[in-house]
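Reminder that position 360 of the sequence shown reads as 1783 in our numbering, one-by-one numbering, no gaps.
For glycine and all other residues, C-beta sits at the position ideal for the given N, C-alpha and C.
See below for the structure under consideration.
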Amino acid sequence: MAEAPRISFSPTTAAKPGGSLVVFCDDGLKFGRRATEALGAAAALVTRAAKGEQFTGKSGSVLELILPEGLKVDRLFVLGAGKVADLKTEDVVKLGGAAMGKLPKAGEATVVADLPAAGKTGGMDAGQTADLALGMVLRAYAFDRYKTKRKADEKPAGKRAVSIVAADVAAARKAFAAREAIAGGVLTARDLVNEPPNVLFPEEFARRTLALKKAGCKVEILDMAALKKLGMGALLGVGQGSRRESRVVVMRWDGGKKGEAPVAFIGKGVCFDTGGISIKPAAGMEDMKGDMAGAACVVGLMQALSSRKAKVNAIGVIGLVENMPDGNAQRPGDIVTSMSGQTVEIINTDAEGRLVLADVLWYTKEKYKPQFMVNLATLTGAIIVALGHEYAGLFSNNDELSERLTASGEATGEPVWRMPLSSSFDKMIDSKFADMKNTGGSRAGGSITAAQFLQRFVDKTPWAHLDIAGTGMDSRQNEINKSWASGWGVRLLDRLVADYYEG
Ligand code: BES
Ligand code: MN
Ligand code: ZN
């Protein structure tokens, strides 16, 4: 992994020779008081350069000055923040990302967390300062573990250290502690999704979740014997063509009131999806290493919640399998019995995620009687056709949970879009031979019939399904992510918990 930048907070600008200085301005080229102080005599230079470059401080624009006269630093970056009064949380996070994107791969940088007349008092408050730092950490991530032949000029020469000049250092540090826990969860999710499938198979994935114990999270791994005993025939059917054994992992964080029903998060963890006997075409199949992005998000979320000691009882349950063609693989036409007792006729072995989730959802509901269940899954290609890479599909049997997820998605910049569920779609998965079949039989409403299938395994529990096939991997890169894996959902669900289920 690219080494994480060292972030510290300081009350004053102490820019050393050789480093970089970052300041922010609004779309009227105005600076906050502390940014003005940091610029000192170089302020006039900035005004001249801005004219020459037609830099007006528009959101997303950058003015770059090398060896600015009157300053000790080698580089000065002036980042436009646009209209300061309109800045939302998400914009400040992205501003931090944009700043990090400008900094060299090594060396020291001073970032003046200041804006003109933002809020009542002007400047940036502690929360915004911490959001800025969060954006910097997320942007600095790169998955380069397997790059061994970097040329000398591509290798970072040393560490990256960022000193953030904050109005109230103690408050900024405190606000950043929670953001750091969340960032850690996002980066864990990205790592898991980026790892190649020969390295990250179900048993290894399960082993890596044990790291959560450090943060006080309880981790239980269910092995093949346990899964057979529970009767998880749908999940086990998917994994039976693989040389790798299947696993289910239960993570538990008890930070809430004793005895209070937990909130539950469930993830699809298909470590590689070949399609099985209904095999996928070769082009792009390598992307199916990311078919465990739902499970990765759940692990990242549980890490975030336990690291920041969230005042909630939360359960994370992930179903880990590998979907392979083999002499022992499941066939189209097979009928499997799920843990719920309901039987499923397999029509297409590539519709495997719903089979895994069927058993994991049922198990979670039965065993933990949660307040609600939210599952995440790279479930259907059809959701990419419908919503592209910007929105995740939301399917739910509960309006309140849907509204909360929508609001949390808006707030964190991980938006979701609600899709319908109805009995007319449910009928499409009735089977001639079993209680249901695992596809709707045609491509029509493919994401919806998949969701209808899941709904048959949740009973009356308030439940939401997030189809993240478009957002969990290979999504549009942005100011806070330049990696293939996005870590999508960790920030959204952490926010959901923080805003509605803590305390
Ligand atoms: N993992 C895939 C869905 C997927 C596709 C995720 C592209 C990410 C990018 C899923 O298991 C799958 O194969 N779904 C099939 C369902 C079909 C056979 C009913 C699909 O979407 O084509
Ligand atoms: Mn599949
Ligand atoms: Zn899949």
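> Are Y1814 and T1894 close, meaning C-beta to C-beta below 9 angstroms?
Replying inline: Counting from 1 along the sequence shown, the entry for residue 1814 is found at position 391. Counting from 1 along the sequence shown, the entry for residue 1894 is found at position 471. Taking 9 angstroms as the Cβ cut-off, Y1814 and T1894 qualify as a contacting pair.
> T1772 and A1752: beta carbons closer than 9 angstroms?
Replying inline: On the sequence shown, position 349 is the one that residue 1772 refers to. On the sequence shown, position 329 is the one that residue 1752 refers to. Yes, these two residues count as a Cβ contact at 9 angstroms.
> How many angstroms separate the CA atom of A1648 from the CA atom of G1692?
Replying inline: Your numbering for residue 1648 matches position 225 in the sequence shown. Your numbering for residue 1692 matches position 269 in the sequence shown. Going from the Cα of A1648 to the Cα of G1692 covers about 19 angstroms.
>> What ranges does the alpha helix (DSSP H) occupy inside the segment 1793-1878, keeping only unbroken runs of at least 4 residues that lie completely in it?
In response: Whole alpha helix (DSSP H) segments, 4+ residues: 1805-1810, 1822-1835, 1846-1850 and 1869-1878.
> CA-CA distance, C1448 and P1527?
Replying inline: Locating residue 1448 in the sequence shown gives position 25, counting from the first residue. Locating residue 1527 in the sequence shown gives position 104, counting from the first residue. Whole-angstrom Cα-Cα distance: 21 angstroms.
> Along the chain, where does the alpha helix (DSSP H) that runs through G1558 open and close?
Replying inline: One-based indexing of the sequence shown puts residue 1558 at position 135. Here the alpha helix (DSSP H) through G1558 covers A1549 to A1563.
> Where in the segment 1591-1656 do unbroken runs of the alpha helix (DSSP H), each at least 4 residues long, occur, reported from the N-terminal end onward?
Replying inline: Segments of the alpha helix (DSSP H) lying fully in the segment 1591-1656: 1592-1617, 1625-1632 and 1647-1653.
> Under the DSSP definition of a beta bridge, which residues are partnered with N1751?
Replying inline: Translated into the one-based positions of the sequence shown, residue 1751 becomes position 328. Note: N1751 sits in no beta bridge, so no partner.
> According to the Cβ coordinates, are V1560 and L1610 closer than 9 angstroms?
Replying inline: Mapped onto the sequence shown, residue 1560 falls at position 137. Mapped onto the sequence shown, residue 1610 falls at position 187. Yes.
> Do you know whose CA, among S1865, I1807, K1860 and K1850, lies nearest W1840's CA?
Replying inline: If you number the sequence shown from 1, residue 1840 lands on position 417. Residue I1807 is the option with its Cα nearest to W1840.
>> With H, G and I counted as helix, E and B as strand and the rest as coil, what does DSSP make of M1896?
In response: Stepping through the sequence shown from its first residue, residue 1896 is reached at position 473. The DSSP-derived three-state label of M1896 is strand.
> For W1947, which of helix, strand or coil comes out of DSSP?
Replying inline: An answer regarding residue 1947 cannot be provided, because it is not within the stretch 1424 to 1926 covered by the chain.
> Per DSSP, which one or two residues make a beta bridge with V1429?
Replying inline: Here residue 1429 is taken as the residue at index 6 of the sequence shown, counted from 1. The displayed chain sequence assigns Arg, not Val, to residue 1429. The partner list for R1429 (beta bridge, DSSP) reads A1584.
> Which residue comes first and which comes last in the beta strand (DSSP E) that contains G1742?
Replying inline: As a working mapping, residue 1742 is identified with position 319 in the sequence shown. Where G1742 is concerned, the enclosing beta strand (DSSP E) stretches over N1736 to N1746.
> Hey, quick one: how far does the alpha helix (DSSP H) through V1469 stretch, first residue to last?
Replying inline: If you number the sequence shown from 1, residue 1469 lands on position 46. For V1469, the uninterrupted alpha helix (DSSP H) run begins and ends at A1466 to E1476, by DSSP.
> Measuring CA to CA, which of D1614, A1892 and V1534 is closest to R1568?
Replying inline: Here residue 1568 is taken as the residue at index 145 of the sequence shown, counted from 1. It is D1614 whose Cα lies nearest to the Cα of R1568.
> To which residues of the same chain is S1665 closer than 6 angstroms at the C-beta, ignoring the five residues directly before and after it?
Replying inline: Reading the sequence shown from its first residue, position 242 is the one you call residue 1665. Excluding its 5 nearest sequence neighbours in each direction, S1665 has C-beta neighbours in its own chain below 6 angstroms: E1745 and M1747, listed in chain order.
> Does the beta-carbon distance from A1466 to F1478 come in below 9 angstroms?
Replying inline: Looking up residue 1466 in the sequence shown gives position 43. Looking up residue 1478 in the sequence shown gives position 55. In this structure, the beta-carbon distance from A1466 to F1478 does not fall below 9 angstroms.
> Thinking just about the alpha-carbon of each residue, which of E1826, K1582, A1601 and A1522 is nearest to the one in A1504?
Replying inline: Locating residue 1504 in the sequence shown gives position 81, where the first residue counts as 1. It is A1522 whose Cα lies nearest to the Cα of A1504.
> What do you get for D1509, buried or exposed, if any count of 16 or more other CB atoms within 10 angstroms of its CB means buried?
Replying inline: Along the sequence shown, one-based indexing puts residue 1509 at 86. In this structure D1509 is exposed. Its beta-carbon is surrounded by fewer than 16 other beta-carbon atoms within 10 angstroms.
> Just to check, is the beta-carbon of D1890 closer than 8 angstroms to a non-hydrogen atom of ligand 2?
Replying inline: Along the sequence shown, one-based indexing puts residue 1890 at 467. Look at D1890: its beta carbon is at least 8 angstroms from all of the heavy atoms in ligand 2.
> What is the rounded straight-line gap between the Cα of K1850 and the Cα of I1871?
Replying inline: Working through the sequence shown from its first residue, we reach residue 1850 at position 427. Working through the sequence shown from its first residue, we reach residue 1871 at position 448. Those two C-alpha atoms are separated by around 12 angstroms.
>> Taking 5 angstroms as the limit, name every residue whose beta carbon sits nearer than that to some heavy atom of ligand 1, in sequence order.
In response: Listed by chain position, these are D1696, D1714, N1771, D1773, A1774, G1776, T1801, T1803, G1804, T1862 and A1892.
> Say the cut is 8 angstroms; is the CB of G1742 nearer than that to a heavy atom of ligand 2?
Replying inline: If you number the sequence shown from 1, residue 1742 lands on position 319. Here the distance from the Cβ of G1742 to the nearest heavy atom of ligand 2 is not below 8 angstroms.
>> Between G1520, L1490, P1838 and D1548, which has its C-alpha nearest V1507's C-alpha?
In response: As a first step, residue 1507 is located in the sequence shown; it is residue number 84 there, counting from the start. Closest in alpha carbon position to V1507, among G1520, L1490, P1838 and D1548, is D1548.
> Taking the DSSP output, what are the residues bridged to F1880?
Replying inline: Your numbering for residue 1880 matches position 457 in the sequence shown. According to DSSP, which records beta bridges pairwise, F1880 is partnered with nothing at all.
> V1485 and F1500 look like a contact to me (Cβ under 8 angstroms); what is the Cβ gap, rounded to whole Å?
Replying inline: Walking along the sequence shown from the start, residue 1485 turns up at place 62. Walking along the sequence shown from the start, residue 1500 turns up at place 77. Between V1485 and F1500, the beta carbon gap of about 6 angstroms places them in contact (Cβ cut-off 8 angstroms).
> Taking all protein chains shown into account, do 16 or more other C-beta atoms lie within 10 angstroms of the C-beta of T1435, making it buried, or fewer, making it exposed?
Replying inline: Your numbering for residue 1435 matches position 12 in the sequence shown. Exposed, because fewer than 16 other Cβ atoms sit within 10 Å of the Cβ of T1435.
> In terms of DSSP beta bridges, what is A1687 paired with?
Replying inline: As a first step, residue 1687 is located in the sequence shown; it is residue number 264 there, counting from the start. Answer by DSSP bridge pairing, in chain order: I1738 and M1796.
> Does DSSP put R1456 in a helix, a strand or coil?
Replying inline: Working through the sequence shown from its first residue, we reach residue 1456 at position 33. For R1456, the three-state secondary structure derived from DSSP is helix.
> Any chance the segment 1693-1702 sits against the segment 1880-1893, with 3 or more Cβ pairs inside 8 angstroms?
Replying inline: No, they do not touch.
>> Considering only heavy atoms of ligand 3, does any lie closer than 8 angstroms to the CB of M1708?
In response: For the purposes of this step, residue 1708 is identified with residue 285 of the sequence shown, where counting begins at 1. Result no, Cβ not under 8 angstroms from ligand 3.
>> According to DSSP, is G1530 part of a helix, a strand, or is it coil?
In response: As a working note, residue 1530 is residue 107 in the sequence shown. Strand, per DSSP.
>> Buried or exposed, going by whether 16 or more other CB atoms sit within 10 Å of the CB of E1837?
In response: As a working mapping, residue 1837 is identified with position 414 in the sequence shown. Here E1837 is buried: its Cβ has 16 or more other Cβ atoms, across all protein chains shown, within 10 Å.
> So, helix, strand or coil for M1711, using DSSP?
Replying inline: Along the sequence shown, read from residue 1 onward, the residue named residue 1711 stands at position 288. Of the three classes helix, strand and coil, the one that applies to M1711 here is helix, per DSSP.
> Considering only C-alpha positions, which residue in the set K1788, I1741 and L1557 is nearest to E1643?
Replying inline: To locate residue 1643, count along the sequence shown from 1; it is residue 220. Of the listed residues, the one whose Cα sits closest to E1643 is I1741.
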